[in-house]
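Take a look at the structure set out below.
Numbering (the working numbering), first residue to last: -10 to 179.
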């Protein structure tokens, strides 16, 4: 016996009712519509009822499926429609305000909203300051590096040798432009 048959039997015995079917649903949107798909295979059209109201969608399938979506935003009930296909019930909701993107299908209750706020709280001002601070540091680094590149580009061969030797041998801790001093110094042991 499968687990679902056992569960339905236990529900009938202890609760006095069969377990209601659950269908997976998905949704997507464009600027003008929101489409909700209820993945109910092989349901005859005569057994499906969909009711539209400005802020909700109520779906009933005769096998016991009964659900209501409290929609995120308003729709035009008279222009909305549904189609029963072999693999799903396709519901087309016409947005009252075209162009408004819904972040989710349903409204969020105050409890869900509080939970979401605590998980997703971001201080965008702090993030912006961090980004600007990184950009300023990058600009400062670029200014300093640009300065040394200009000195190196405009230098004679002895100055270039002095800069390369002092910088490389010191591991980046010293930079000299005087070849007379650098040629006799040992930067490795400092």
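Yeah, the Cβ is synthetic: ideal placement off N, Cα and C, and Gly gets one too. Since this is a predicted model, take the numbers as computed values, not measurements.
- Between the alpha carbons of residue 113 and residue 90 lies a distance of about 21 angstroms.
- Burial check for residue 41: the Cβ neighbour count within 10 Å reaches 16 or more, so the residue is buried.
- Taking a contact as a CB-CB distance under 8 angstroms, the pair residue 66 and residue 43 counts as one, their CB atoms being some 6 angstroms apart.
- Of all alpha-carbon atoms in 23, 84, 162, 168, the one lying nearest the alpha-carbon of residue 144 is that of 168.
- Annotated as distal: residue 78 and residue 64, with beta-carbon spacing of 8 angstroms or more.
- Proximity to residue 69 across 25, 174, 61 peaks at 25, based on C-alpha coordinates.
- Between residue 45 and residue 58, the gap from beta carbon to beta carbon is short of 8 angstroms.
- Using a Cβ distance threshold of 8 angstroms, residue 155 and residue 163 count as a contacting pair.
- Residue 74 is classed as exposed because its beta carbon has fewer than 16 other beta carbons within 10 Å across all chains shown.
- According to the DSSP assignment, residue 79 belongs to the beta strand (DSSP E) that extends over 78 to 83.
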